[in-house]
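Just below is one structure, and these are the notes that go with it.
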Amino acid sequence: MNKLAKSLSTIRIRVLIMQHMNMVSKDFQDKVLADQGLTFSEKILSLKRFDEPNKIALANDIIVAKVDLAMAHDGTAPLAIKVLEELGIKKIWDSRKVILHIDHTYPVSSEQIANFHSIMRKFAMAQGCHIQEGNICHQYMLENFVVPGMLIIGADSHTNTQGSLGAFATGVGSTEMAAIWASGKIWLKVPESIKVVFNGKLPKGVYAKDLILFTIGKISCEGASYKTIEFTGNIVKEFSIDSRATLCNMSTEAGAKAGIIEMDNITKEYLTSLRREPMLEVHTGKEAIYDKIVEEDVEHMEPYVALPHSVDNVKSVREVEGIPIDQAFLGSCTNARLEDLMIAAKMLKGRKVKEGVRLIVTPASKSVYKYALKNEIANILMEAGASITSPTCGACVGTHCGVLGANEVCISSSNRNFIGRMGSRDSKVYLASPATVVASAIKGAIADPRDYLR
Amino acid sequence: MKGRAWKFSDNIDTDVIIPYKYKARSIDPKELAEHCMEGIDPEFSKRAKKGDFIVAGRNFGCGSSREQAPVAIKACGISAVIAESFARIFYRNAINIGLPAIVCEDISKETNEGDLIELDLSEGVVKNLSTGKFMKANKQPKFLEMMLKAGGLIEYYKKFRKFPWE
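Residue numbers (our numbering), protein chains in the order written: chain A, 1 to 454; chain B, 1 to 166.
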């Protein structure tokens, strides 16, 4: 984003904050924010409530809420646009709150998909809403739009990622997105909450991805179904926004409706650097009731991997090391941020990717890519033999830039290892941290990053 | 509604229901239907008959937000998915496009592949006609029931000129 666009985005967020303040009475807002019995989700959804404004929303209540930002991408927007036409709705409710992303197949790989992209560009032009191309949507939202206290709905299951900045962010499908574009509202069942606490001292070679893989392995891929996961503990409080985004992103894989990390000084610093300010500073009440509290001392943790074909099929890397791989993929909305690329560069400096194995690196956004180019990171990766693609969801969803053939094995920093996810239904995907992906690329087989860290 | 049961296990994900590569290039239900359930049973779309049911275990439709998953199932002629539980986005998507997603805790253990099933949507009752077993389905909120009766969100809006939650 250039400077002008950036200040426009800052102004746009200010307008949204003012609109929010006009909607809710100040007394009610203060009362809700100070309530020690309410969870983060109950507080934020009480304040976004439209059906009965100024009435507290409790877990399991069904409410209608006003949406602050509504986004869709090239996998979901074309259908939403078609639905809007079928509904006969000519104008979206508020063009400042709708953001379109062309990221799932970018740069485009086929004529048919190119036509869908054209439909999106025309729609954005006609409606006057923001459209961006060539950044993974959730990373772009973090870099440009999300502030604490927002209610963000995305036509993408990993919209949860955006909860890492203290917002309530969740995914829906295309028809529902069309209804939001038309009305600015959504029905929601207020979720119960699960608190996941990571305390202790993080061992070398263990990252946010390992913590969340371990947790999903423990609570299962439906362990947080329909619920919010609040991540906390001294480890989370020390984590960068990049690592926090990984945790919230993967909350989806436990079935969660939202993954949330409360705003703190690290959030504030991040926002200040991007000239943004919070909409609401929401903190969960000290006496709030949780469906479940999962407490982990991270000191016993190690690098983990999710084996095919489910995200909760988790084992330690040591248990499975040596499985030969064809491809190592460092990309996706889960793990392709600056921090991830820096880990990769540090490990790959002066080393080579094993012959016969391909390491594909797909930065999450243009700004991540630019930084990697300016700061030698890209150079180190390429010297080691990696291929760097432009930002896209491509390989993770099996559309392009790293599709797997029959019987191929890939270790990936992405979020899903379902049958056929990255290509052939006879391929296998192992999910791991960027460090484990890189260690495996060097060895040519699943490898423990602790053997390669310097 | 009456039809044969196609039985699936727990955690049937959206990549199995319809891989991204197909949904990226088409939003045509018929084209999507050809690849429905391809990850598990490439012949599914050819074998499924109009009015049949999908019967499944827990967490049906987990994974992506792709609405093309219930669209593909519906376009195969499937009249409802009856499962022990659903992933949240799939559940919303299914109702929005007018495919009944019915939560019935006993459905897997009381159904064999090919059993004749009868579903009474308004009563919330599932009957296995092959075994004679009655099962209770979970009640849906009124506005969702009305949306399903109308045939989905688009049809509801066309009929009432407002959304069901308004």
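Just so you know, even glycine gets a beta-carbon here, dropped at the ideal spot from N, CA and C.
If you're wondering where the values come from, they're calculated on a predicted model, not measured in any experiment.
Classified as buried, PRO100(B) has 16 or more neighbouring CB atoms from the shown chains inside 10 Å of its CB. Listed as beta-bridge partners of ILE388(A) by DSSP are VAL361(A).
With the rule of 3 Cβ pairs closer than 8 Å, the region 143-155 of chain A counts as touching the region 170-189 of chain A. At the C-beta level, GLU262(A) and VAL282(A) come within 8 Å of one another. Here DSSP, grouped into helix, strand and coil, assigns ARG49(A) to strand.
Taking ASN138(B) as the centre and dropping the five residues before and after it, the same chain places the C-beta of VAL103 closer than 6 Å to its C-beta, in chain order. GLY88(A) has its alpha-carbon roughly 13 Å from the corresponding atom of TYR156(B). Around ILE97(B), the beta-carbon contacts reaching into chain A at under 7 Å are THR175. The alpha carbon of ASP297(A) has as its nearest neighbour, out of VAL320(A), TYR371(A), LEU211(A) and LYS315(A), the alpha carbon of LEU211(A). Under the rule that a run must span 4 or more residues, the alpha helix (DSSP H) segments found entirely inside the region 269-325 of chain A read 317-320. In the displayed model, LEU129(B) falls within coil according to three-state DSSP, outside both helix and strand.
Residue-level contact check: GLY166(A) does not touch chain B, since none of the beta carbons of chain B fall below 8 Å from its beta carbon. Around the C-beta of HIS130(A), 16 or more other C-beta atoms lie within 10 Å, and the residue is accordingly described as buried. Per DSSP, the unbroken beta strand (DSSP E) holding MET71(A) starts and ends at 69-73. A Cβ-Cβ separation of about 5 Å places ARG58(B) in contact with GLU84(B) under the 8 Å criterion. HIS400(A) has no beta-bridge partner at all, per DSSP. DSSP places LEU87(A) outside any beta strand (DSSP E); the residue lies instead in the alpha helix (DSSP H), whose first and last residues are 77-87.
For ARG4(B), no alpha helix (DSSP H) run applies; the uninterrupted beta strand (DSSP E) run containing it begins and ends at 2-7, by DSSP.
The C-beta of SER25(A) has fewer than 16 other C-beta atoms within 10 Å across all chains shown, which makes the residue exposed.
Bounds of the beta strand (DSSP E) holding GLN327(A) are 327-330. For ILE107(B), the closest of ARG47(B), PHE53(B) and GLU31(B) by C-alpha to C-alpha distance is PHE53(B). ARG416, PHE418, ILE419, GLY420, ARG421 and ARG425: these are the residues of the region 414-439 of chain A whose beta carbon lies less than 7 Å from some beta carbon of chain B, given in chain order. Neighbours of GLU222(A) in chain B, taken as residues whose beta carbon is under 9 Å from its own, are ASP10, ASN11, ARG58, ASN59, CYS62, SER85 and ALA87 in chain order. GLU238(A): member of the alpha helix (DSSP H) spanning 234-238, first to last residue.
ALA167(A): not part of any beta strand (DSSP E); DSSP gives it neither H nor E. In this structure, MET279(A) places its C-beta atom within 8 Å of the C-beta atom of VAL147(A). Secondary structure at CYS137(A): helix, using DSSP grouped into helix, strand and coil. Rounded to whole angstroms, the Cβ separation of VAL71(B) and ILE97(B) is 6 Å, and the two are in contact under 8 Å. Identification of chain B residues near ILE92(A) by a Cβ-Cβ cut-off of 8 Å yields none; the smallest Cβ-Cβ distance measures about 14 Å. Contact between the region 265-273 of chain A and the region 368-375 of chain A is not established, with fewer than three Cβ pairs separated by less than 8 Å. Here ALA94(B) carries a helix assignment [DSSP, helix/strand/coil]. The Cβ-Cβ distance between PRO78(A) and SER390(A) does not fall below 8 Å. Contact of TRP165(B) with chain A is assigned, a C-beta pair being separated by under 8 Å. Taking the Cβ atoms as the reference, ALA258(A) lies roughly 17 Å from MET177(A), outside the contact range of under 8 Å. Secondary structure note for HIS117(A): its alpha helix (DSSP H) is the uninterrupted segment 111-127. Three or more beta-carbon pairs drawn from the region 13-20 of chain B and the region 32-45 of chain B are found closer than 8 Å, and the two stretches are therefore classed as touching.
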